[in-house]
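Count the sequence shown with our numbering and you get residues 451 to 554, in order.
Encoded as structure tokens, the structure appears first; notes follow it.
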Amino acid sequence: METFHVLLFSHRDRTDAIINKYVEKYKNSGEPVTMDVWVSFIIENAQDVIAELTQSGADVFHEAITNGINLEVEDYDAIREVNLNAASKYKLELKSIYERISAA
Numbered sequence: 451m452e453t454f455h456v457l458l459f460s461h462r463d464r465t466d467a468i469i470n471k472y473v474e475k476y477k478n479s480g481e482p483v484t485m486d487v488w489v490s491f492i493i494e495n496a497q498d499v500i501a502e503l504t505q506s507g508a509d510v511f512h513e514a515i516t517n518g519i520n521l522e523v524e525d526y527d528a529i530r531e532v533n534l535n536a537a538s539k540y541k542l543e544l545k546s547i548y549e550r551i552s553a554a
């Protein structure tokens, strides 16, 4: 039987993988490194990034129910924090790309 902490760490690993997938998708797109391409990438992928992060959090809830784990308020907050940390990481990665484009 899995514990909440195992589920939470799994969620964190999935969110890290999601962010890395989209950063690599941009870097390996083969498109010219321009502001227009960067903006288009963000617009085209924002909904998918949010959906994947949300699905990962929902998976934790489903797995907890399946495993008979009673979630406390702090557990819900921890799941939300993992998602917010992933979103923050994505924002920083996008900002870093923007700064490189702006400096060029």
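Even for Gly, the Cβ is constructed at its ideal location relative to N, Cα and C.
Own chain residues within Cβ distance below 6 Å of residue i, not counting five before or after
i    : result
V499 : Y472
Coarse secondary structure for residue i, derived from DSSP in three states
i    : result
L521 : coil
E481 : coil
E474 : helix
T453 : coil
A554 : coil
Inter-residue Cα distance where the pair is residue i and residue j
i    : j    : result
T516 : N533 : 21 Å
Y526 : V510 : 10 Å
I492 : Y548 : 11 Å
S538 : S490 : 20 Å
Proximity test, Cβ basis, 9 Å: residue i and chain B
i    : result
L542 : Here chain B cannot be found, since the structure has a single protein chain.
Residue from the options whose Cα sits closest to the Cα of residue i
i    : options             : result
K541 : S506, A496 and G518 : A496
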